[in-house]
Amino acid sequence: MNLTLKIWRQKGPQEKGQMVEYKVTDISEHMSFLEMMDVLNESLVAKNEVPIAFDHDCREGICGMCSLHINGEAHGPDRGITTCQLHMRTFKDGDTIYIEPWRAKAFPVIKDLIVDRTAFERIQQAGGYISVNTSGNTQDANAIPISKRNADLSMDAAACIGCGACVASCKNSSAMLFVSAKVSQFALLPQGKIEAADRVRNMVKQMDEEGFGNCTNTGACEVECPKGISLENIARMNREYLKASII
Amino acid sequence: MSGFLSSSIARKVAMALSALFLIFFLIIHLAVNITSLFSEDLFNELSHFMGTNSLVQFALQPVLIFGVVFHFVMGFVLELKNRKARNIKYTKFNGAASASWMSRNMAISGGVILIFIVIHFIDFWIPEINHKYVEFLPEDPTRYFGELQHKFMSPVKVGIYVVAFVLLALHLLHGFQSAFQSIGFNNKYTKCVKNLGVIYSIVIPLGFIIIALYHHFNH
Amino acid sequence: MTTLNSRVPEGPIKDKWTIYKDKINLVNPANKRNIDIIVVGTGLAGGSAAATLAELGYNVKAFAYQDSPRRAHSIAAQGGINAAKNYMGDGDSNYRLFYDTVKGGDYRSREANVHRLAEVSGAIIDQCVAQGVPFARDYGGLLDNRSFGGVLVSRTFYAKGQTGQQLLLGCYSAMNRQIARGKIEMFNRHEMLDVVKVDGKARGIIARDLVTGEIERHSAHAVVIATGGYGNVYFLSTNAMGSNATAAWKVHKKGAFFANPCFTQIHPTCIPRSGDYQSKLTLMSESLRNDGRIWVPAKIEDAKAIQQGKLKPTEIAEEDRDYYLERRYPAFGNLVPRDVASRAAKERCDAGFGVNATGEAVYLDFAAAIQRYGSEKAKIQGLHNPSKEEITKLGEAVIEAKYGNLFQMYEKIVDENPYKTPMMIYPATHYTMGGVWVDYNLMTTVPGLYCIGEANFSDHGANRLGASALMQGLADGYFVLPYTIGDYLADDIRTGKISTDSPEFDAAEKEIKDKLEFFINNKGTHSVDYYHKKLGNVMWNKVGMARNAKGLTEAIEEIREIREDFWKNVKVPGSLNELNPELEKAGRVADFLELGELFAKDALHREESCGGHFREEHVTEDGEAKRDDANFAYVAAWEYTGKPSEAILHKEQLEFKDIELKTRSYK
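Just so you know, the protein sequences line up as chains G, L and X, in that order.
The opening position of the first sequence corresponds to residue 1 in my numbering, with each subsequent residue numbered one higher.
The opening position of the second sequence corresponds to residue 248 in my numbering, with each subsequent residue numbered one higher.
The opening position of the third sequence corresponds to residue 467 in my numbering, with each subsequent residue numbered one higher.
Set out below in structure tokens:
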């Protein structure tokens, strides 16, 4: 199939960017979206142009590196997948596809479609861990039974790949889904309870300082999340935060 | 906004609590107004009580005003802050793909409701205050029903009234369950709360609309 | 040819590690503050090492080419992590895990290292649980285990199909705690381009900031390489796009020996290639082979019709199907080890029985399992005379509960419903057992230079068992390196800060800069990917699943030609001082072009079939791999001399005192 692509080009963090139009031809419907981008880039290199920079790595939907806003939606129009798992059969011959970077003040563009997501790392450094040293002498793994329900809920929250689609798709650029997934994973486990109050306070404080917007419960994040992280986590974080602030 | 309200979650919770208070207030308001459909006397009696009881007038009324003002001010402050969190807009943003119109446009529905409340203040509250506390006119416990009918004579006014309440319904369709989510209520009863929210969001505004239309056509 | 000293401590195998730990030198906490360690790569091995070393008090500088350590490719491991906890009470023990790993590795790993790995395996699980890794649990709240290929016990701990992700996030959280304390300085989007040796010891690295393009010097008292495997030498593999061998290859060129490069694991259950544009291959968990039956058409005309799209698999009658694994290996059937399953698939496809347009795919069929589970379920639910539709529906529900996410992933990629039509699978490069040679201390042949995780060669011999890669990465990083590196650093407490202002740093930086400038200024004709694909083609066809002397000799020649062409005609757009993915790729492919040649050379020299290395000349009468313990029970460690083809072979003779060498049989 033949497609028209409108892609955000920006040389560097300080430069001004704009949408640039490209044409690609003979795209197979079995290609992944990023393979289509590879084809475009190969043709740009052949023409001695600078190829389009975009983040990607594992190309199997788990590393969370890929990050395109495609036709107005994070990771494109399909659900429950990342951009690298999106396939061209989702599109029709002759379509025009808009490809933009994640847009948020807290995610500044580095180049073209690549954004800086280290705000997420700083939030995790503010408390996204359990303080335990590697000694080899921690108690036996089966010493504390954990209910299957809580273990499973914790796993569901921990499935977050930190891609930033929640921020990108939220009209407020809020990072609540990401932060709440990290808070929930630990809050649901007995090991994580000891530091729970400090953790949620510090992580929310860092989140606010990074310049993310506030949550208005539109639920867009949950719909666009490639890993199906539930809004329930945001409610849990709100509860944890209230508990930590009041008590 | 400093201290507790400097945190995003605290603001969210404050919005939710003021919303829940206003949701509760709307039930009382509708309960009083609805009596006008079947009993002129009961309506007059309740209105007189509300208008003259000092607990209502000097304790609850200021709380209500504070609640309304807080909800609006905080709402618009947050809207502005949230807009600033995305300094460069998308060329193409398909918000409808992942979130309802209601949830994405709370500021618009809220703005229309604000305009209505201003009109409501000018039309009802200021004359009332003037009547009672400025000119100290003699109190007539039976005047309320007549005033009510009089207010709904104008088709323009009734039109604005209906539009405002439709917008209120839209605001509530998202706002009701959103308030519960914000205070951390998300458990096996969430589905129940959502359904209750839908019923509430339709029934309460519809009630007000019926009252307006009833009095417009029956006087 | 010299013999290498592996520095394995004396004593009985069970006590070696304990005795060793009791006798090594320690660095006192006050002195640790004055010692810097560089960790390159932040997957499970590098991440756990960085976190633990920082906890101990060393100043750690950690480097990742991704924007965060949590994106390292360890995250893609699906199945699980082995540990000899014996929670199931099925007779597991450290010795059994040790034995299974040595046997699974086809007797080409170092006994002492593997035993140590088994010893610390239990502590890994304890540590991860304490960190908040949400392993799967049963209804009693205790940890659940499942079984994996090639072993007779259930010892695999898992977190849904995302065990690697959860372990990496656990390890990253431990890193985060140290980053917050300032004990780890994290360099994201940085790539190590060379190691710097001062007075014969590793004292720092040259790295490029991938965002600004700046070339940076970093010094330390020791350097740890944890940059994973070199599977991307094949261009197509299950590795991440960025996975590369640059760090490992650069240290090799600076004096670290490179061991057993020909031991590469080809995983049997990957989604087949669909066209030339293909950028990577996706793994489907090995667990699918528990219920899926692998087959190809028995008649060549059926296979041709399928390849042309004229026939559907469901239209082929049962008697016209060739369940070749069940036919050849009646005892293990579809559950033979990875190397055996991969070769059998290739054999059928080479004979013309492949089942997709490219002729490189076999079926993995769940129809029988669906019927079997459906009938069982119907019995449980008390259905009398259930219809075929009812049974299918019940069976599909069972399969969905077990493999739902994998089936969904398959459908997204291939656009076929695997519940209704058999899956297509084909082998793909997955893991590299070979790597930088290390001694018992995990130190390379360069003093102060360590190598851990997939990047080193030590624990898996010629073939890795499922769920053992995660175990090795974390064992090295959490529990082995922090001890062994201390023994070395104890001599460095008076050294003081290492200056980056030295002739050695100058020279290393200049060499890097010259090379990068060459790439940018070379007005060539072909893109980097053009060369990478060409190399991959040669590797796959001649140094792939089955190798012979003729092909390997040709491969060595062809790789050299590609490399020479690359250095003349490669084209790299953009500039030096910016984020330039093409420039990054150019450096990595340049290293693969050398590594590939050594790979083929190693494969040519190893005149035996063993584990992932299969030489067509060395087979038994019925076509199975034939090992040669008399002549090849050694580790081949290669020393760089200027050209990969002229590398010098050093041997580390493998001694099996505790395990008897046997021929693997799965018949």
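Positions of the beta carbon are idealized from the N, C-alpha and C atoms, including for glycine.
Please confirm if residue i has its CB atom under 8 Å from at least one CB of chain L.
| i | result |
| --- | --- |
| LEU5 (chain G) | no |
| ILE117 (chain G) | The identity of residue 117 (chain G) in the sequence shown is Arg, whereas the question assumes Ile. Not closer than 8 Å to any Cβ of chain L, the Cβ of ARG117 (chain G) fails to qualify, so no. |
| THR90 (chain G) | no |
| ILE81 (chain G) | no |
Given this structure, state the Cα-to-Cα distance separating residue i from residue j, to the nearest angstrom.
| i | j | result |
| --- | --- | --- |
| TYR447 (chain L) | GLU210 (chain G) | 38 Å |
| ARG838 (chain X) | MET36 (chain G) | 41 Å |
| ALA46 (chain G) | TYR997 (chain X) | 14 Å |
| GLN191 (chain G) | GLY598 (chain X) | 6 Å |
| SER249 (chain L) | ASP152 (chain G) | With a pLDDT of 49 at SER249 (chain L), under the threshold of 50, the predicted position of this residue should be treated as unreliable, though the coordinate-derived value follows. Rounded to whole angstroms, SER249 (chain L) to ASP152 (chain G) spans 38 Å at the Cα level. |
| LEU252 (chain L) | ILE234 (chain G) | 18 Å |
| SER184 (chain G) | HIS378 (chain L) | 56 Å |
| GLU792 (chain X) | ALA833 (chain X) | 16 Å |
| GLY523 (chain X) | LYS649 (chain X) | 7 Å |
| LEU334 (chain L) | ILE194 (chain G) | One detail in the question is off: residue 334 (chain L) reads as Asn in this sequence, not Leu. Near 38 Å, if we compare the C-alpha coordinates of ILE194 (chain G) and ASN334 (chain L). |
| TYR696 (chain X) | GLN125 (chain G) | 31 Å |
| TYR949 (chain X) | LYS1092 (chain X) | 39 Å |
| VAL303 (chain L) | SER294 (chain L) | 11 Å |
| SER347 (chain L) | ALA257 (chain L) | 24 Å |
| VAL595 (chain X) | ALA602 (chain X) | 11 Å |
| ALA651 (chain X) | VAL310 (chain L) | The sequence given here places Glu at residue 651 (chain X); Ala does not occur at that position. If I take the Cα positions, the gap works out to 53 Å. |
Interface residues of chain G around residue i at Cβ under 7 Å?
| i | result |
| --- | --- |
| ILE645 (chain X) | GLN125 |
| VAL440 (chain L) | Per Cβ cutoff of 7 Å: no residues; VAL440 (chain L) is ~11 Å from chain G at best. |
| MET353 (chain L) | THR216 |
| ALA589 (chain X) | GLY136 |
| MET707 (chain X) | HIS56, ASP57, ARG59 |
Is the Cβ of residue i closer than 8 Å to any Cβ of chain G?
| i | result |
| --- | --- |
| ALA266 (chain L) | no |
| TYR391 (chain L) | no |
| ASN360 (chain L) | Checking the sequence, you will find Ile at residue 360 (chain L) rather than Asn. Taking Cβ atoms only, chain G never reaches closer than 8 Å to ILE360 (chain L), which makes this a no. |
| ASN654 (chain X) | yes |
| THR622 (chain X) | no |
| ALA278 (chain L) | no |
| GLY932 (chain X) | no |
| TYR447 (chain L) | no |
The ligand GDP and residue i: does any heavy atom of the ligand fall closer than 7 Å to the residue's C-beta?
| i | result |
| --- | --- |
| THR887 (chain X) | You won't find the ligand GDP in this model; it holds no ligand whatsoever. |
Who are the neighbours of residue i on chain L, taking C-beta pairs under 7 Å?
| i | result |
| --- | --- |
| ALA104 (chain G) | ALA332, ARG333 |
Quick one: is residue i near chain X, going by C-beta distance under 8 Å?
| i | result |
| --- | --- |
| MET207 (chain G) | no |
| HIS56 (chain G) | yes |
| GLN85 (chain G) | yes |
| LEU68 (chain G) | no |
| HIS30 (chain G) | yes |
Which residues of chain X have a Cβ atom closer than 7 Å to the Cβ of residue i, listed in chain order?
| i | result |
| --- | --- |
| SER147 (chain G) | GLY607 |
So with CB distances below 9 Å, who are the chain L contacts of residue i?
| i | result |
| --- | --- |
| LEU242 (chain G) | ILE256, ALA257, VAL260, ILE430, GLY431 |
| GLY213 (chain G) | SER255, LEU325, LYS328, ASN329, ARG330, LYS331, ALA332, ARG333 |
Give me the chain X residues within the contact set of residue i, using Cβ-Cβ distance strictly less than 8 Å, ordered along the chain.
| i | result |
| --- | --- |
| ASP140 (chain G) | ASP592 |
Against residue i, what residues of chain G qualify as contacts under a CB-to-CB distance less than 9 Å, listed in chain order?
| i | result |
| --- | --- |
| ILE490 (chain X) | Near ILE490 (chain X) there are no residues of chain G at all, since even the closest Cβ is about 15 Å away, more than 9 Å. |
| SER350 (chain L) | LYS171, THR216, ASN217, THR218, GLY219, ALA220 |
| THR338 (chain L) | LYS6, TRP8, MET19, GLY72, TYR98, GLU100 |
Can you tell which of the options has the C-alpha that lies nearest to the C-alpha of residue i?
| i | options | result |
| --- | --- | --- |
| ASN137 (chain G) | X:GLU1087, X:TYR944, X:GLY1089, X:ASP1068 | X:TYR944 |
| HIS418 (chain L) | L:GLY358, L:TYR337, L:VAL310 | L:GLY358 |
| VAL661 (chain X) | X:ILE978, X:GLU1082, X:GLU983 | X:ILE978 |
| VAL167 (chain G) | G:ARG89, G:PRO226, G:ALA141, G:LEU189 | G:PRO226 |
| GLY990 (chain X) | X:GLY741, X:VAL1009, X:LYS1037 | X:LYS1037 |
| GLY636 (chain X) | G:TRP8, G:THR134, G:ARG149, G:ASP57 | G:THR134 |
Can you pull the chain L neighbours of residue i, defined as C-beta to C-beta under 8 Å?
| i | result |
| --- | --- |
| LEU113 (chain G) | Neighbours of LEU113 (chain G) on chain L: none; closest Cβ ~13 Å, over 8 Å. |
Contact the region 1048-1057 of chain X vs the region 1095-1110 of chain X: 3+ CB pairs below 8 Å: No, because fewer than three Cβ pairs between the region 1048-1057 of chain X and the region 1095-1110 of chain X fall closer than 8 Å, the two stretches do not touch.
Could you list the residues in the region 179-194 of chain G with a C-beta less than 7 Å from some C-beta on chain C, going in chain order? Although the question refers to chain C, the structure presented lacks it and instead comprises the protein chains G, L and X.
Counting beta carbon pairs with one atom in the region 317-334 of chain L and one in the region 159-174 of chain G, are three or more of them shorter than 8 Å? With a cut-off of 8 Å on Cβ pairs, the region 159-174 of chain G is in contact with the region 317-334 of chain L, counting three or more such pairs.
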